[in-house]
Amino acid sequence: MKIIVALAAGLLAAGCTLDTVSQPDLAAPSEFGMSIGLTALPDQVPRDGSSQSVVTVTVRNPTGRPVVGQRLSLTASVGTLSETEVVTNSGGQATFAFVAPSSNALGNSATISVTPIGTDAGNALPRTITIAFIGESNRTRPSPSFTATPASPEANAAVRFDASATTDEGAVCLDACSYSWSFGDGSSGSGRIVTHAFTAARIYTVTLTVTDASGASASTASTVTVSAVAAPTITLAVSPDPPLAGQQATFTATPSIASGHSAVRYVWDFGDATTQTTTGPTATKTYSKVGTYVATVTVTDDVGQSASASKQLAITGSGVTASFTVSPTGPKTGDVVQFNGASSTASAGATISKWAWDFGDGETSDETDATTTHKFTAVRTFVVRLTVTDTEGRTGTTTKEVAVTAP
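Following my numbering, the numbering of the sequence shown begins with 26 at its first residue and continues without gaps.
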């Protein structure tokens, strides 16, 4: 059993004496001159979360008489108390119970504080008693640990942070612990396994804080070096180079993309107000008019970086000439009109392989022979267009007006 008595007594000034009138007892609980005794039985308890020690408070006035009705405030540094406030009885005493903490409690003892309450005890200091704990605490802080994959990521790449190797009480903690992350770029996360992408190339300090079921926590930190993704480059080739007017050309882009990355989009600008978007590195184009054009391709990689290449093309005549005759030259509605494109000529070393007719009335015809026929059903002038293609893929186009009259 532990007993503690605190006494603050007034001292008489030197040379002063008291009359024969006796000093009256304090009429109210006054902290000055009040003695508070504390006993704890037992004064040692095991860390089991249930064992109890009974604490008795004895309050006496300066004459040694019990103080009745004195309010006392109670606190404990660890463990729990049966009361937070008690009042002394007719014997100047009050009792309460202290309940031992669990085996997870840190420290070797609990400090119980008792403070008088009342208008005459406004400046009262607490009286304390210590109750010791029996047995070792098994409350240890967790040992946080994590990995980052990839260990040296590129900017904007997803990084997987895994704290599964964290241990607590000698065993892996897994989801029995909680995990809080600070990625060093102003962002945070929670969970045993998280992913995060760093947007800028630099060194980041990533901090993991782990808290176990008993509330004990610990932190660890590691640096992650983030590098920039190399920007793509690209070259552009055209075949044939240059193509003739009316000849289909194939445009081929050759990109250089950072390892582990890929090209996701090609945008082609052919310099004649036409564009194409492809997911592959090739495109086809036929220039219909003679002129000088600047063709440009822009490649974009999977992290949004882009590069462009251009090529100037001087388009000349195709060497293919479209020509045809109409018979009769002044047809009437319902007449069978014969169209003959045999006079068309191909480029050097080639022959005409296709005659494509557009009769101007919504009807068309693709032929492998130079001649075709057509009937017009309305009275008006139609613009008939012939496009011929030779065996080299080059084209030529011509038009002729056909005036159709009534029968």
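Ideal placement from N, C-alpha and C gives every residue a C-beta, glycine not left out. Computed from a prediction, not measured in an experiment: that's the story for all the values here.
Who are residue i's beta bridge partners in DSSP?
i, result
"K310", "A274"
"G214", "W206"
"D327", "Note: D327 sits in no beta bridge, so no partner."
"H221", "V184"
"V235", "Y204, A243"
"R85", "S60, P91"
"S390", "W382"
"R152", "V139"
"S252", "E179"
"V263", "F276"
"F407", "V427"
"R96", "V112, I142"
"P71", "I159"
Measuring straight from C-alpha to C-alpha, what distance separates residue i and residue j?
i, j, result
"A238", "S205", "14 Å"
"S372", "L338", "20 Å"
"S281", "S348", "47 Å"
"T120", "G132", "25 Å"
"R419", "G296", "20 Å"
"A65", "F223", "59 Å"
"L51", "S78", "Residue placement at L51 cannot be trusted, given a pLDDT of 36 that sits under 50; what the coordinates show is reported in the next sentence. Each residue's Cα considered, the two are about 32 Å apart."
"G210", "Y229", "Gly is not the amino acid found at residue 210; the sequence shown has Asp there. Looking at the two C-alpha atoms, the distance is approximately 7 Å."
"A256", "P178", "16 Å"
"S335", "V319", "7 Å"
"P306", "T358", "51 Å"
"E417", "T346", "13 Å"
"T354", "V324", "53 Å"
"R410", "G387", "12 Å"
"T393", "T299", "29 Å"
"H22", "T245", "With the chain running from 26 to 432 in the structure shown, residue 22 is simply not present."
"F123", "A201", "30 Å"
"S284", "A182", "13 Å"
"T113", "S247", "58 Å"
"A23", "R290", "Not covered by the structure: residue 23. The range shown for the chain is 26 to 432."
"G104", "V111", "18 Å"
"W22", "A274", "As shown, the chain starts at 26 and ends at 432. That puts residue 22 outside it, with no answer to give."
"I137", "G143", "20 Å"
"T414", "S390", "14 Å"
"T302", "K310", "13 Å"
"L150", "E194", "40 Å"
Excluding sequence positions up to five away, which residues of its chain have a Cβ less than 8 Å from the Cβ of residue i?
i, result
"I159", "Q69, V70, P71, R72"
"G463", "Examination of residue 463 is not possible in this model, given that the chain is present from 26 through 432 alone."
"S189", "V197, L199, R217, I218"
"A243", "R166, P167, S168, P169, T234, V235"
"T398", "V361, V362, Q363, F364"
"A253", "E179, A180, A226"
"T192", "P167, S168, S170, C198"
"A381", "T389, S390, D391, E392, L411, T412, V413, T414"
"S76", "V70, V124, A125"
"T317", "Q337, L338, A339, I340"
"D402", "One detail in the question is off: residue 402 reads as Thr in this sequence, not Asp. These residues qualify, in order along the chain: T358, G359, D386."
Below 6 Å CB to CB, which residues in the same chain sit around residue i once its five sequence neighbours on both sides are set aside?
i, result
"S287", "D327"
"S212", "none"
"F276", "V263, A308"
"S207", "S213, T232"
"A173", "V184, F186, V249"
"T260", "T279, A334"
"S203", "T236"
Excluding the 5 residues preceding and the 5 following residue i in the sequence, name in chain order all residues of the same chain whose CB lies nearer than 7 Å to its CB.
i, result
"V408", "G385, T424, E426"
"L63", "I29, V80, V82, V139, R152, I154"
"V351", "V362, F364, K425, V427"
"A157", "D68, Q69, N133, S134"
"Y313", "As written in the sequence, residue 313 is Ser, which differs from the Tyr given in the question. Closer than 7 Å at Cβ, skipping near neighbours: A270, G271."
"V315", "A270, I340, T341, G342"
Any heavy atom of the ligand ZN inside 8 Å of the beta-carbon of residue i?
i, result
"V413", "This structure does not include the ligand ZN; it has no bound ligands of any sort."
Stretch pair the stretch 125 to 132 + the stretch 65 to 85: three plus CB contacts closer than 8 Å:
yes
Touch test, the stretch 317 to 337 against the stretch 364 to 379, Cβ-Cβ under 8 Å, three pairs minimum:
no
Taking one C-beta from the stretch 233 to 247 and one from the stretch 268 to 279 each time, how about it: are there three or more such pairs within less than 8 Å?
no
In the stretch 100 to 125, which residue ranges form an unbroken alpha helix (DSSP H) of at least 4 residues, counting only runs that do not cross its ends?
none
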